[in-house]
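Visitor: Starting off with a structure, shown below.
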Amino acid sequence: MEAEASGAVERARSGDHDAFRLLVEQHGRAIFRLAYRMTGNEEDAEDVVQETFLKAYRQIDRFDARSSFSTWLHRIASNCSLDVIRKRKTRERKRERGPDPAQDVLVSIPAVTPGPDRELFSGQISDSVNAALGELSAQERTAFVLRHFEGLSIEEIGATLGTGTNATKHSIFRAVQKLRRSLEPLVSTVR
Amino acid sequence: MNHIDMNHINMDHINEDQLVLFYYGESTESAAIEKHLSGCEHCRSELRSLQLVLNTVDSAQVPERPAEYGQDVWKQIEPRLAAPRRPLLRQWWIWAPVMAALLIAAFLAGRFWQRGDASVVAKNRNNQQIRERILLVAVGDHLERSQMVLAELDNAPEGAPDGKARLDISDERRMAEDLLDDNRLYRQTARTTGDNSMASVLDDLERVLLEIAHSPSEISSQQLNDLRQQIESRGLLFKVRVLGTEARGSGTHGLENLPALEKDKKSKKL
Numbered sequence: 065m066e067a068e069a070s071g072a073v074e075r076a077r078s079g080d081h082d083a084f085r086l087l088v089e090q091h092g093r094a095i096f097r098l099a100y101r102m103t104g105n106e107e108d109a110e111d112v113v114q115e116t117f118l119k120a121y122r123q124i125d126r127f128d129a130r131s132s133f134s135t136w137l138h139r140i141a142s143n144c145s146l147d148v149i150r151k152r153k154t155r156e157r158k159r160e161r162g163p164d165p166a167q168d169v170l171v172s173i174p175a176v177t178p179g180p181d182r183e184l185f186s187g188q189i190s191d192s193v194n195a196a197l198g199e200l201s202a203q204e205r206t207a208f209v210l211r212h213f214e215g216l217s218i219e220e221i222g223a224t225l226g227t228g229t230n231a232t233k234h235s236i237f238r239a240v241q242k243l244r245r246s247l248e249p250l251v252s253t254v255r
Numbered sequence: 002m003n004h005i006d007m008n009h010i011n012m013d014h015i016n017e018d019q020l021v022l023f024y025y026g027e028s029t030e031s032a033a034i035e036k037h038l039s040g041c042e043h044c045r046s047e048l049r050s051l052q053l054v055l056n057t058v059d060s061a062q063v064p065e066r067p068a069e070y071g072q073d074v075w076k077q078i079e080p081r082l083a084a085p086r087r088p089l090l091r092q093w094w095i096w097a098p099v100m101a102a103l104l105i106a107a108f109l110a111g112r113f114w115q116r117g118d119a120s121v122v123a124k125n126r127n128n129q130q131i132r133e134r135i136l137l138v139a140v141g142d143h144l145e146r147s148q149m150v151l152a153e154l155d156n157a158p159e160g161a162p163d164g165k166a167r168l169d170i171s172d173e174r175r176m177a178e179d180l181l182d183d184n185r186l187y188r189q190t191a192r193t194t195g196d197n198s199m200a201s202v203l204d205d206l207e208r209v210l211l212e213i214a215h216s217p218s219e220i221s222s223q224q225l226n227d228l229r230q231q232i233e234s235r236g237l238l239f240k241v242r243v244l245g246t247e248a249r250g251s252g253t254h255g256l257e258n259l260p261a262l263e264k265d266k267k268s269k270k271l
């Protein structure tokens with residue numbers, strides 16, 4: 065990374081405020097993308113981004129300069145996202161469950177796709193995927209996003225989340241099973 | 002290879018978990034799976050179906066953020082950042098108690114050793130004023146750091162209403178522990194020198210710092226609210242902010258211009 069190459073990480077570790085600003089500017093968008101995929105909504109993702117950089121700032125002296133700053137930051141963001149999802153799930157459990165949003169979206173997608181509405185359909189697929197991801201538990205979603213979108217190995221994910229390799233593997237397996245259950249009826253219409 | 006019945010077909014096939022690991026390139030049996038796939042239409046179809054779903058997941062859109070997004074984030078977090086962190090031995094909390102003890106020792110020593118002829122007394126008085134000002138600056142810094150801890154907790158995000166969600170306050174707890182030693186020293190000095198208003202605020206601050214330092218690393222929403230009530234009910238955050246600003250202002254004023262100290266007969270008492 066540019067900021068890492070220019071020594072911004074090292075300067076930030078020595079307490080250089082401006083160097084840390086460079087790191088925020090450089091990694092902000094990537095952390096937002098990760099946070100959005102983890103939490104599934106913009107407001108929570110924005111909170112995660114801020115919380116991630118605040119934590120990184122406070123803990124930067126614990127960062128091992130031999131490792132990748134980006135990976136370290138993603139690790140913090142993953143854990144912040146996990147906290148946010150867990151809190152949200154707890155809140156949601158308290159509420160009376162309404163109609164299943166994932167099912168609603170899936171039902172609303174026409175079985176035969178009209179040609180001119182390709183863009184609309186693509187938006188609907190996106191909504192369906194987000195709804196399906198929303199059905200995963202916090203642990204499943206975090207593990208899946210880190211494996212699928214961030215390309216971390218199962219072992220790395222286990223270390224990041226402190227869950228160990230086996231539990232991580234099973235979280236990913238369960239996530240894929242649930243996604244297949246939710247999305248296969250949808251993708252079969254476009255096959 | 003694990004032979005598991007898939008889709009209720011009693012045949013030896015690759016199970017879904019194995020296909021998932023294969024898809025992500027994490028299978029330890031890739032060669033065996035590839036060999037099996039080349040001769041098994043059922044498993045090839047399963048893999049295609051898995052690929053289709055996972056490729057569809059990739060199509061989920063993420064709202065774009067503009068190129069200057071990082072700058073916006075910085076503007077939002079900058080006011081919430083504490084003083085820049087430094088490597089271990091340069092961190093303030095390592096040295097702050099030692100510095101506080103030395104400052105107070107110097108301050109008290111000067112106060113009790115003002116004896117001798119007139120010129121020595123005048124010189125000592127001058128030195129004493131300098132010590133008082135340096136001490137005020139140190140107290141101002143201490144109050145500013147305390148203010149950051151209080152503000153951090155006061156502005157912490159709300160947890161779940163059922164109180165089950167946990168908030169990690171390990172950083173604030175550690176800072177409160179470090180601040181406690183200084184606070185005791187400053188409070189005792191304020192009492193000794195008769196600055197009762199400062200002593201009273203430091204007294205209130207000490208109680209809240211103790212509460213934070215003795216809290217678990219992760220607290221519930223209810224515990225967070227209790228802490229907030231303590232901070233807010235005494236108007237502590239406001240008092241600490243005002244006193245900190247005053248102390249720093251009085252301490253730094255004139256330090257750069259030592260002759261002016263002689264004229265300043267109403268130096269703020271700590």
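As given, the protein sequences belong to chains A and B, one line each in that order.
Each residue of the first sequence is one higher than the one before, starting from 65 at the first, in the numbering used here.
Each residue of the second sequence is one higher than the one before, starting from 2 at the first, in the numbering used here.
Just so you know, even glycine gets a beta-carbon here, dropped at the ideal spot from N, CA and C.
How long is the line joining the alpha carbons of ALA99/A and LEU238/B, rounded to whole angstroms?
Guide: Counted from its first residue, the first sequence places residue 99/A at position 35. Counted from its first residue, the second sequence places residue 238/B at position 237. Whole-angstrom Cα-Cα distance: 32 Å.
Visitor: Touch check for the region 60-76 of chain B and the region 25-39 of chain B: three-plus C-beta pairs under 8 Å?
Guide: In short, these stretches do not touch, since the Cβ pair count stays below three.
Visitor: Using a 10 Å radius around the Cβ and a threshold of 16 neighbouring Cβ atoms, would you call ASP128/A buried or exposed?
Guide: Along the first sequence, one-based indexing puts residue 128/A at 64. The residue is exposed, with fewer than 16 neighbouring Cβ atoms inside 10 Å.
Visitor: Is the shortest distance between the beta-carbon of GLU17/B and the beta-carbons of chain A less than 9 Å?
Guide: Residue 17/B sits at position 16 when you count from the first residue of the second sequence. So, interface residue.
Visitor: Restricting to Cα atoms, I'd like to know which of ASP155/B, LEU168/B, ILE15/B and VAL54/B is closest to LYS151/A.
Guide: Residue numbering aside, residue 151/A sits at position 87 when the first sequence is read from its first letter. Checking every option, the nearest Cα to that of LYS151/A belongs to LEU168/B.
Visitor: So, does the region 222-242 of chain B touch the region 174-181 of chain B, judging by three or more C-beta pairs under 8 Å?
Guide: Contact fails: fewer than three Cβ-Cβ distances are below 8 Å.
Visitor: Buried or exposed for GLY26/B, please, with buried defined as at least 16 other CB atoms from any protein chain shown within 10 angstroms of its CB.
Guide: Taking the second sequence and counting its residues from 1, one reaches residue 26/B at position 25. Its Cβ having fewer than 16 others within 10 Å, GLY26/B is exposed.
Visitor: Check whether chain B comes within 9 Å of VAL193/A, counting only Cβ atoms and requiring the distance to be less than that.
Guide: Start at 1 with the first residue of the first sequence, and residue 193/A comes out as number 129. For VAL193/A, the answer is yes, since a Cβ of chain B falls inside 9 Å of its Cβ.
Visitor: Kindly indicate the opening and closing residues of the alpha helix (DSSP H) around GLU233/B.
Guide: Within the second sequence, numbered from 1, the residue matching residue 233/B stands at position 232. Run containing GLU233/B: 222-234, per the alpha helix (DSSP H) assignment.
Visitor: If I'm right that LEU200/A touches ALA231/A with Cβ under 8 Å, what's the distance once you round it to whole angstroms?
Guide: Numbered from 1 along the first sequence, position 136 holds the residue referred to as residue 200/A. Numbered from 1 along the first sequence, position 167 holds the residue referred to as residue 231/A. Actually they are not in contact, since the Cβ atoms of LEU200/A and ALA231/A sit about 15 Å apart, beyond 8 Å.
Visitor: Between which two residues does the alpha helix (DSSP H) containing ASP125/A stretch?
Guide: Translated into the one-based positions of the first sequence, residue 125/A becomes position 61. Per DSSP, ASP125/A belongs to no alpha helix (DSSP H) and is neither H nor E.
Visitor: If you reduce the DSSP assignment to three classes, tell me which class HIS215/B lands in.
Guide: Counting from one through the second sequence, the residue named residue 215/B turns up at place 214. Three-state result, HIS215/B: coil.
Visitor: Taking 9 Å as the threshold (beta carbon to beta carbon), is ASP128/A in contact with chain B?
Guide: Within the first sequence, the letter at position 64 stands for residue 128/A. Chain B contact via Cβ: absent.
Visitor: Which of the three DSSP states, helix, strand or coil, is assigned to ASP111/A?
Guide: Here residue 111/A refers to the residue found at position 47 of the first sequence. The answer is helix: DSSP assigns ASP111/A an H, G or I state.
Visitor: How many angstroms separate the CA atom of GLN230/B from the CA atom of LEU151/B?
Guide: As a working note, residue 230/B is residue 229 in the second sequence. As a working note, residue 151/B is residue 150 in the second sequence. Distance between the alpha carbons of GLN230/B and LEU151/B is about 11 Å.
Visitor: Would you mind working out which of GLU110/A, ALA72/A, GLY92/A and SER134/A sits nearest GLU214/A, comparing C-alpha positions?
Guide: Mapped onto the first sequence, residue 214/A falls at position 150. Looking at the Cα atoms, SER134/A is the closest of the given residues.
Visitor: Is the beta carbon of GLU110/A within less than 8 Å of some heavy atom of the ligand FMN?
Guide: Summarising the ligand content, the structure contains no ligands, and the ligand FMN is consequently not present.
Visitor: Starting from the beta carbon of GLN203/A, find every residue of chain B whose beta carbon is closer than 7 Å, and list them in chain order.
Guide: In the first sequence, residue 203/A corresponds to position 139, counting from 1. Those within 7 Å of GLN203/A in chain B number zero; the least Cβ separation is about 16 Å.
Visitor: Which first and last residues belong to the alpha helix (DSSP H) in which ASP80/A is found?
Guide: By one-based count along the first sequence, residue 80/A stands at place 16. No alpha helix (DSSP H) contains ASP80/A, which DSSP labels as neither H nor E.
Visitor: To the nearest angstrom, report how far apart GLN19/B and ILE78/B are at their CA atoms.
Guide: Walking along the second sequence from the start, residue 19/B turns up at place 18. Walking along the second sequence from the start, residue 78/B turns up at place 77. Near 44 Å, if we compare the C-alpha coordinates of ILE78/B and GLN19/B.
Visitor: May I ask which residues mark the beginning and end of the alpha helix (DSSP H) holding ASP183/B?
Guide: Sequence index remark: in the second sequence, residue 183/B carries index 182 (1-based). Counting along the chain, the alpha helix (DSSP H) containing ASP183/B begins and ends at 171-193.
Visitor: So which of ARG85/A, SER192/A and ASP147/A has the shortest CA-CA distance to VAL54/B?
Guide: For the purposes of this step, residue 54/B is identified with residue 53 of the second sequence, where counting begins at 1. Checked all of ARG85/A, SER192/A and ASP147/A; the closest Cα to VAL54/B is SER192/A.
Visitor: Mapping DSSP to helix, strand and coil, what is LEU273/B?
Guide: Examination of residue 273/B is not possible in this model, given that chain B is present from 2 through 271 alone.
Visitor: Looking only at its chain, what residues have a beta carbon closer than 7 Å to the beta carbon of GLU74/A, apart from the 5 residues adjacent to it on each side?
Guide: Within the first sequence, residue 74/A is the residue found at index 10, counting from 1. Excluding residues within five positions, the ones whose Cβ falls inside 7 Å are ALA129.
Visitor: Looking at the structure shown, is ILE173/A part of a helix, part of a strand, or coil, going by DSSP?
Guide: The count along the first sequence starts at 1 and reaches residue 173/A at position 109. Below a pLDDT of 50, predicted positions are generally treated as unreliable, and ILE173/A, at 32, falls in that range; the measurement from the model is reported next regardless. It is coil, neither helix nor strand.
Visitor: To the nearest angstrom, report how far apart ASN56/B and ASP183/B are at their CA atoms.
Guide: Here residue 56/B is taken as the residue at index 55 of the second sequence, counted from 1. Here residue 183/B is taken as the residue at index 182 of the second sequence, counted from 1. Between ASN56/B and ASP183/B, the C-alpha separation is close to 58 Å.
Visitor: Taking beta-carbon pairs under 7 Å, can you tell me which members of the region 56-76 of chain B lie near chain A?
Guide: Answer set for the region 56-76 of chain B: THR57, VAL58, SER60, ALA61, GLN62, VAL63, PRO64, ARG66, TYR70, GLY71, GLN72, VAL74 and TRP75.
Visitor: Quick one, which of LEU144/B, SER46/B, TYR24/B and ARG192/B has its alpha-carbon nearest THR246/B's?
Guide: The residue you call residue 246/B lines up with position 245 of the second sequence. Checking every option, the nearest Cα to that of THR246/B belongs to LEU144/B.
Visitor: Terminal residues of the continuous alpha helix (DSSP H) containing ASP73/B?
Guide: The residue labelled residue 73/B in the question sits at position 72 within the second sequence. Its alpha helix (DSSP H) spans residues 70-78.
Visitor: So with Cβ pairs under 9 Å, would you call GLU248/A a contact of chain B?
Guide: If you number the first sequence from 1, residue 248/A lands on position 184. It does; some Cβ of chain B falls within 9 Å.
Visitor: Apart from the five residues just before and just after LYS288/B, which ones in its own chain have a Cβ nearer than 7 Å to its Cβ?
Guide: The displayed coordinates of chain B run from 2 to 271. Any statement about residue 288/B would go beyond what the structure contains.
Visitor: Shorter than 9 Å from the beta carbon of ARG139/A to some beta carbon of chain B?
Guide: Position 75 of the first sequence, counted from the first residue, corresponds to residue 139/A. It does not: the Cβ of ARG139/A has no partner Cβ on chain B nearer than 9 Å.
Visitor: Does DSSP classify LEU168/B as helix, strand or coil?
Guide: The residue you call residue 168/B lines up with position 167 of the second sequence. If DSSP states are grouped into helix, strand and coil, LEU168/B belongs with the strands.
Visitor: Do ALA200/B and ALA214/B have their CB atoms nearer than 9 Å?
Guide: Counted from its first residue, the second sequence places residue 200/B at position 199. Counted from its first residue, the second sequence places residue 214/B at position 213. No. Outside cutoff.
Visitor: Just the Cα atoms here: how many angstroms apart are THR227/A and LEU244/B?
Guide: Mapped onto the first sequence, residue 227/A falls at position 163. Mapped onto the second sequence, residue 244/B falls at position 243. Computed Cα separation, rounded: 47 Å.
Visitor: Drop a sphere of 10 angstroms on the beta-carbon of HIS81/A, count the other beta-carbons inside from all chains shown, and report buried for 16 or more, exposed for fewer.
Guide: Against the first sequence, residue 81/A aligns to sequence position 17. The residue is exposed, with fewer than 16 neighbouring Cβ atoms inside 10 Å.
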